[in-house]
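Report on one structure; see the data block that follows.
Residue numbers (our numbering), protein chains in the order written: chain P, 1 to 903; chain F, 10001 to 11093.
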């Protein structure tokens, strides 16, 4: 066998020739050692680095237990895993130089001293206390060659060396000597004459136009053999190649940012206290495999039924263990869904008895993973990337099994172990396709024989990284068998090979893709070398165009310039369709009615036509969550005061402790994220707000003699609208926050708002446009037709203020809102809009308002607000009603024509 | 070698980097090894550039060897150098060697999390105090202006400042008392004995009562007010009622409410010369009594005194606690922030003797670029390193130190420089070089600089401020026929007083004039402004005239391409997203339903009908790419997904036909960045990274792409952003009335009375002054006169001078000053001796020069661009971008499966028609019955054993090898070494009988390109070569099962066919193919079908 050996040849093509070869191979250091291991009967199963670190960590722990003063002790106490990993790196690097700890005598520099101390207590080997590194393998090969296997036929006739043996670091010169002694001919390849290839450098300003240029270059006819040297990711370039019917290069890196590599970390996060419900929701929602076909839903880690119901529960109550959560479990059981139920129970167990953050005992952690292993195996169907996640979990269990089962791990150490257990996976885009050109990713591996090289994305990443020993360390290493080169000499090994590779080309065409993710990679040192020889002139994309042709480095393609396309801005603020009585609603909530009035088209889009965003597993958070929480606190406090004889709650004002206790009890169920670390200050603030404001709610109502009779009272009453095409009865549905009665039996509806604005609701009230209040009062009247008309008002949870005409509630001395008149205006407006829609006219309310005020859609906020205020006033004066639209900030803004790119 | 210290003062454009790289190259030529160089600068971009420049300089000078080794030099940002040193000496410092560095955003979050508990407790206790002093605002409000200050934000600021100045927790606690004493002395009269607020309240009630009665009577026609007047008073009474409610509860009544009342006593009602009334004339008159009382007593209130003091103690005490809490928090999580990096490195370099020795032995040149931008800690670190490293070159320009807001401390730095220069630093003989030639700017530009800045920097020697054009540069320009340089002064034409939006419009108008000049493109021009807000105005004004501007582009979600990607992502992930689907239809003009979608959908009779319409839309050919993507998107990363969506929508081709394709392509990259940042953040928060998460993230994106460097755009940005950059023509948009903020509140550090190079940060002490009653003039005016406020104001002034220097030195050919005929900001820096004196710089319409105070004048083109746009004003006609040209036509091709370039023989499918599997021949004992435990590993061990040149090994060697393999593969429980030897012996016997003269070649490499040009590289287990050259292919398979023939047929026919054909291509096809099943003790022969041989 003939071996072409180069220091940088690992991963290179075995030969440059096409057709077939046998008995020839190009190998780098890793490949050659592997071959010799096979030849010498020194093969062994692979060992995960995580396992080696765990071994070293336990060795360190034992050594530290001996009580001796030890240099790494302080760092080990802070971070055992990384300290072990760091020491192990140094240890492997020292072994790589050929240093033998056993031969090192006397005082040593700190790093080597620590390594020696540990080395004395360990045995290297598959079954030893430390699994071997690549350097140990090499040392073992040399030892065998120099001893028992001297004269052993290796089946290697010749090794053609790209580097002088003496230029190689560590044990390599020695290995080569041993091979020669074993009868292998070692020949140093003749130095090729350093040529200077012709050079073209295109500096693109973005990766897509860079990719166009590179793809065009490959698509155009050109002379001679060509090679693509892909120094950077080619995903974008590959798309440009496919667009032109050309094969992809497929240099796309592995990553752990893929859904199925997220499983383990997320699972353990959820299994550890305090449980973060958002993480829990993410785990429930996690999809790990594509569906069986394009239109099917992707497969989740948690079975679909369990996922949907538990997520539904969290969406209602963002906490664990509350009524919604328990009901979800019960419903799975009631429906006899066995597998989902089992999974749901497992999740429930996981979060109701989470691992304490400060008691992560390896055995306990490992045990929790059993279900995950089982579930992954079931979902993976024996193939695909999920098996990588499974392997990761199993390696983790292996590592955990090596640690002291009773010594708790820090949260961080566990995370480090998880990270070290791998889990990054190849991209489905990392596929090199058959092409006319050859492909390599490293300049040193460019084929002999010149030709044209298209160099994609050279950058500072081509700089070599080397391990650095200090003077004193070098002396110590050499004293015990080490062979250390200067850092610059080691770096030169790679740079010289890279430059030699590049100089084998006749012509190098460089495409610099510009910023990636808005960061421009640092300049390439290798390119600087080429430019120093060939000149620094760089090409701009523009300079490649002339007379309807695009050309680069002698290759050319005809190009055309497409006509400019500019989308048109919508002109008329109204849509005309065929009469559409089938779009009329059968049910309306207050929200729908309000949308209908604000912008009929928006209502049509969202409700009548069903154009809606997908439901995403996003739990309520922020103001919405706090609003719900405080509503529930009110509800609970009212229930606690409910006296059936009174037909409502007593007028007793809850004391701060009672409000606090209720708040504290409800947070884990309704706003459990407030209990997470880092949220204490916020939680304290909300609680303080709640106490002050709810005391005000109860004090105020008591002062006004109002007895609360119900909270969250649901209603569904028929509402008959006198439409042009005949009366139509729809169901008006919703719920009222707070119902109350005064001593005379007169009812009051209160709506609770957790809102920043302090003036908005007062304004709605004063203008009689608080149609929410009007409609709630109307529903009360419908439910109890004989009763006197109800009062209505707001309570602002944030500021603890009422908006009401009752001076006992609100000191602003407001005039009472004419609830009946408001309702009349609302009903008439709704009737009008529905008549129009039935007849085929859908007004775009938001556009109409702007057009009437002569404003563009991108007019500044204050101008639009002013226009709204004016229009409201005008409508009011005409006896009508204008409801402010929120189309511009809604999800339908684009379809309403309020946002758009008409450049 | 004795230590040396070279200090290079490099004025703007004087070839700083050139000088530095040549100095470095010179040192290397003199024998410095590249690995002995440590060079720092301030941004990663600058560091990459510096490395590149050093390499190119070495190459130009023919120092090839050094150029190859330059990667071993440590050329990096300060933080990166610190990070490297810390990692290297982590065990010496007793810290984790693998810390995660927090970026600025995460640092903020981590700090908040760390002090959460401390702050929650302290805040809860101090709730009423914070209400009275109005420091209970949100920490990160949505709208930062006009909100209540947050005491926690102040804690954060103070703690950050303490950390960059090496102020520790005890010093913070100690500082509280001093801060209070100084505050009190500066602005508060002695405290009165009692709390007078009840009296104020009573007096206020009386006044309100009186007013109400008067309104009442007036409305009845019998009072002091007219009908209209009564109406006014009535509305004012409402806001007074609100104020009354505010002060009702003394525990929480804000001091500002009282101050508002007190202001009445300073208004027109009390003093006819004052500017106006606080409420209205009648109301103010009625309130005068109570207002006077409050005004006289407010600042003596013992409660107010106590509140200010308590607030100082709360903030400084909590900041002190927070330093400890934050440190513990980070240590537990293995986190570190930028400041820690520097502080800990400094600590390390000071305390670890190993680190000191290694650094001193390893590095021999310390180059510091942009030294003027160092923070106090960085400066201390550089000084410490300078003690260890014998050769130092520090390059920079104190005139360009403009990072005071980031805690750089120019005063400290200048003090140190002075000592180094004087040779009194103990860091070696200092040699100072001043670079006085400008390689950047032409004479007229320099004339302006030279006329203005010696006055702005009176303390600097003149030769360090003025510059002349480098003769070589002048000659070069002359030779290239470069346009002559000039000054311009713009005086916007507006009807009334110039506003900023008008100014922006005028700048855009002026730029159109510049673009009319020959050989001028937008990329030649920059507009420098004071703030991001001004920049936004100018960008908008340029946009209105069709001039593309750089900076931040159109927000991602406001761009067609951004919306398309967003909608495509949503619908690809979830087909039920009918909104996203409809948006796609609406955005894609070639979609069949584009333009008719509303009507189509409205026509559908019911829900099922609408579902059918949606389904039809999804099947449209324009969405074919997305349909393909839907099938395999689940395993893509967020960044890959964005790339895939861009491709599926064929955006790169579509964009060519749209306006500004260059900018739109940047949007695509910005989208990738959103995806990358999302992934980074999720990873840091240990949240899962999912495409659904990406979707949510994308929905919330507000920013636009970074258009820096986009072709044919005018650069618009702040002076800070322009640092280090240059353009042919620069428009400096001058502030109209540069207001100085009063430096009466906030956190700050009091400098040491005496500066010590050996301990530059010693004796500095922290302070916090709260912004209580921030709008109450009597208090604020007194505070503004304090030594602290005056010193801070002075520092701000100096910074402003340096900022102007940076602005005026950015242009090569043309500097344009745009403003209202003068530069008020310069007048603030160089006050005139008399009030009537001319401004420092002045110009007027129709003039031909910029007049300089004191008589001089500089020739200039004076223009009056229009500050208000006429209807249909002319715009700039941007030429079509070169990126619009395409080599393609027609829609994207349909996705096709393509052959992979590489394949493995073992992956080639088996098929029955590939050949015949003959019945097995027994050659030995069955070694492993059935599967057996660990049979796969046993197989590996046997396989490895058979790969050895057994025939040439002695029995002892064989035995050792077998034992080794059993041990290494950890299969001793399943087999003993004898089993391996038995397999070897059986195989040897078989060979001896069957192929007596064959040469056995084990583990042979073969490569093969198949008909589809796919390449296979692999190892053949064994080749037997006959004396006549014929070969036999052998493969060992560790199959322990019971149906070997079927197994081979099912699994290996493809592999063997491939090997056989590969061998044929390499010269000779195998005559026979054997499968050796050592675990079963059998050999099976395969006869390949003729068509595959």
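Heads up, the beta-carbon is just placed ideally off N, CA and C, and yes, glycines get one too. All figures in this text were calculated on a predicted structure; none of them were measured in a lab.
Check: What residues from chain F crowd round residue 912 (chain P), counting only those whose CB sits closer than 9 Å?
Finding: An answer regarding residue 912 (chain P) cannot be provided, because it is not within the stretch 1 to 903 covered by chain P.
Item checked: Inter-stretch contact (C-beta, 8 Å, three-pair minimum) for the stretch 10721 to 10737 of chain F and the stretch 10122 to 10129 of chain F -> They do not touch, by the three-pair rule.
Next item on the list: Could you run through the stretch 599 to 620 of chain P and flag, in chain order, every residue whose CB is less than 7 Å away from some CB of chain F?
Entry: Within the stretch 599 to 620 of chain P, the qualifying residues are 609, 610, 611, 612, 613, 614, 616 and 618.
Notebook entry, point to check: Under the DSSP definition of a beta bridge, which residues are partnered with residue 10243 (chain F)?
Noted result: On the second chain, residue 10243 (chain F) is found 243 positions in, with the first residue counted as 1. Paired residue(s): none; residue 10243 (chain F) is not in a bridge.
Check: Going straight from the alpha carbon of residue 573 (chain P) to that of residue 579 (chain P), what length do you get?
Finding: The residue given as residue 573 (chain P) occupies position 573 in the first chain. The residue given as residue 579 (chain P) occupies position 579 in the first chain. The straight-line gap from Cα to Cα measures roughly 18 Å.
Item checked: Close Cβ partners of residue 10368 (chain F) (< 6 Å) along its chain, the five nearest in sequence each way excluded -> Working through the second chain from its first residue, we reach residue 10368 (chain F) at position 368. Beyond the five residues adjoining it in sequence on each side, residue 10368 (chain F) comes within less than 6 Å, by CB distance, of 10040, 10382 and 10394 in the same chain, given in chain order.
Notebook entry, point to check: By how many angstroms is the C-alpha of residue 562 (chain P) removed from the C-alpha of residue 10885 (chain F)?
Noted result: Position 885 of the second chain, counted from the first residue, corresponds to residue 10885 (chain F). Position 562 of the first chain, counted from the first residue, corresponds to residue 562 (chain P). The alpha-carbon separation between residue 10885 (chain F) and residue 562 (chain P) amounts to approximately 7 Å.
Check: Would a C-beta distance cut-off of 7 Å place residue 424 (chain P) and residue 254 (chain P) closer than the cut-off?
Finding: Counted from its first residue, the first chain places residue 424 (chain P) at position 424. Counted from its first residue, the first chain places residue 254 (chain P) at position 254. In terms of Cβ geometry, residue 424 (chain P) and residue 254 (chain P) form a close pair [threshold 7 Å].
Check: Around the Cβ of residue 10619 (chain F), are there at least 16 other Cβ atoms within 10 angstroms (buried) or fewer (exposed)?
Finding: Within the second chain, numbered from 1, the residue matching residue 10619 (chain F) stands at position 619. Counting of Cβ neighbours within 10 angstroms places residue 10619 (chain F) among the exposed residues, the total staying below 16.
Checklist line | 9 Å Cβ cut-off: residues of chain F touching residue 1 (chain P) | finding: For the purposes of this step, residue 1 (chain P) is taken as the residue at position 1 of the first chain. Contacts between residue 1 (chain P) and chain F, judged by CB atoms closer than 9 Å, involve 11001, 11003, 11004 and 11005 in chain order.
Check: Whose C-alpha, out of P:844, P:592, P:647 and P:896, is nearest the C-alpha of residue 708 (chain P)?
Finding: Indexing the first chain from 1 puts residue 708 (chain P) at position 708. Of the candidates P:844, P:592, P:647 and P:896, the one whose C-alpha sits nearest the C-alpha of residue 708 (chain P) is P:647.
Check: Sorted by chain position, which residues of the same chain lie with C-beta nearer than 7 Å to residue 309 (chain P)'s C-beta, five sequence neighbours on each side aside?
Finding: Residue mapping note: residue 309 (chain P) aligns to position 309 of the first chain, counting from 1. Contacts found: 328, 331 and 332.
Item checked: Stretch-stretch touch, CB-based, cutoff 8 Å, three pairs: the stretch 436 to 446 of chain P with the stretch 486 to 501 of chain P -> The stretch 436 to 446 of chain P, when compared against the stretch 486 to 501 of chain P, does touch it at the 8 Å Cβ threshold.
Next item on the list: Using a Cβ-Cβ cut-off of less than 8 Å, give me the residues of the stretch 566 to 583 of chain P that come near chain F, in sequence order.
Entry: Answer set for the stretch 566 to 583 of chain P: 566, 567, 575, 577, 578, 580, 582 and 583.
Margin query: If you measure between the beta carbons of residue 59 (chain P) and residue 122 (chain P), is that distance less than 7 Å?
Written below: Against the first chain, residue 59 (chain P) aligns to sequence position 59. Against the first chain, residue 122 (chain P) aligns to sequence position 122. Yes; because the gap between Cβ atoms is below 7 Å, this pair is in contact.
Next item on the list: If I'm right that residue 203 (chain P) touches residue 540 (chain P) with Cβ under 8 Å, what's the distance once you round it to whole angstroms?
Entry: Counting from one through the first chain, the residue named residue 203 (chain P) turns up at place 203. Counting from one through the first chain, the residue named residue 540 (chain P) turns up at place 540. About 6 Å separates the beta carbon of residue 203 (chain P) from that of residue 540 (chain P), a gap short enough to meet the 8 Å contact definition.
Next item on the list: Please name the residue in P:528, P:783, P:631 and P:616 whose C-alpha comes closest to that of residue 315 (chain P).
Entry: For the purposes of this step, residue 315 (chain P) is taken as residue 315 along the first chain, with counting starting at 1. With distances taken between Cα atoms, residue 315 (chain P) lies closest to P:616.
Notebook entry, point to check: How would you list, in chain order, the residues of chain P whose beta-carbon sits under 7 Å from the beta-carbon of residue 10603 (chain F)?
Noted result: Along the second chain, read from residue 1 onward, the residue named residue 10603 (chain F) stands at position 603. Going along chain P in sequence order, the residues near residue 10603 (chain F) (Cβ under 7 Å) are 578.
Next item on the list: Put residue 732 (chain P) into one of helix, strand or coil per three-state DSSP.
Entry: Counting from one through the first chain, the residue named residue 732 (chain P) turns up at place 732. Residue state, collapsed to three classes: strand.
Margin query: Between the alpha carbons of residue 10359 (chain F) and residue 10341 (chain F), how many angstroms are there, rounded?
Written below: Numbered from 1 along the second chain, position 359 holds the residue referred to as residue 10359 (chain F). Numbered from 1 along the second chain, position 341 holds the residue referred to as residue 10341 (chain F). Their backbone Cα atoms lie some 17 Å apart in a straight line.
Margin query: Please report the straight-line C-alpha distance between residue 10772 (chain F) and residue 10263 (chain F), rounded to a whole angstrom.
Written below: As a position in the second chain, residue 10772 (chain F) is number 772, starting the count at 1. As a position in the second chain, residue 10263 (chain F) is number 263, starting the count at 1. Computed Cα separation, rounded: 15 Å.
Note to self: According to DSSP, is residue 44 (chain P) part of a helix, a strand, or is it coil?
What the structure shows: As a first step, residue 44 (chain P) must be located in the first chain, where it is residue number 44. Note: residue 44 (chain P) maps to coil in three-state DSSP.
Next item on the list: Mind checking the stretch 10700 to 10714 of chain F against chain P and listing, in chain order, the residues whose C-beta falls within less than 8 Å of any C-beta there?
Entry: Within the stretch 10700 to 10714 of chain F, 10705, 10706, 10709, 10710 and 10711 place their CB atoms closer than 8 Å to a CB of chain P, listed in sequence order.
Next item on the list: Check the Cβ of residue 10225 (chain F) against every Cβ in chain P and list those closer than 9 Å, keeping chain order.
Entry: Here residue 10225 (chain F) refers to the residue found at position 225 of the second chain. Within chain P, no residue comes near residue 10225 (chain F); the closest Cβ sits about 19 Å away, beyond 9 Å.
Check: For residue 10903 (chain F), which of helix, strand or coil comes out of DSSP?
Finding: For this step, residue 10903 (chain F) is matched to residue 903 along the second chain. Strand.
Check: Under three-state DSSP, which class holds residue 865 (chain P)?
Finding: Residue numbering aside, residue 865 (chain P) sits at position 865 when the first chain is read from its first letter. In the three-state reduction of the DSSP assignment, residue 865 (chain P) falls in the helix class, which pools H, G and I.
Margin query: So if DSSP puts residue 10491 (chain F) in a beta bridge, which residue, or which two residues, is it bridged to?
Written below: For the purposes of this step, residue 10491 (chain F) is taken as residue 491 along the second chain, with counting starting at 1. Looking at the DSSP output, residue 10491 (chain F) bridges to nothing.
Checklist line | Burial state of residue 10405 (chain F), where buried means 16 or more other Cβ atoms lie within 10 Å | finding: Numbered from 1 along the second chain, position 405 holds the residue referred to as residue 10405 (chain F). Exposed, because fewer than 16 other Cβ atoms sit within 10 Å of the Cβ of residue 10405 (chain F).
Notebook entry, point to check: Roughly how many whole angstroms lie between the Cα atoms of residue 11142 (chain F) and residue 10543 (chain F)?
Noted result: Residue numbering for chain F in the displayed model covers 10001 to 11093; residue 11142 (chain F) lies beyond these limits and cannot be assessed.
Notebook entry, point to check: Is it true that the stretch 247 to 262 of chain P meets the stretch 360 to 370 of chain P, where meeting means three or more beta-carbon pairs spaced less than 8 Å apart?
Noted result: They do not touch, by the three-pair rule.
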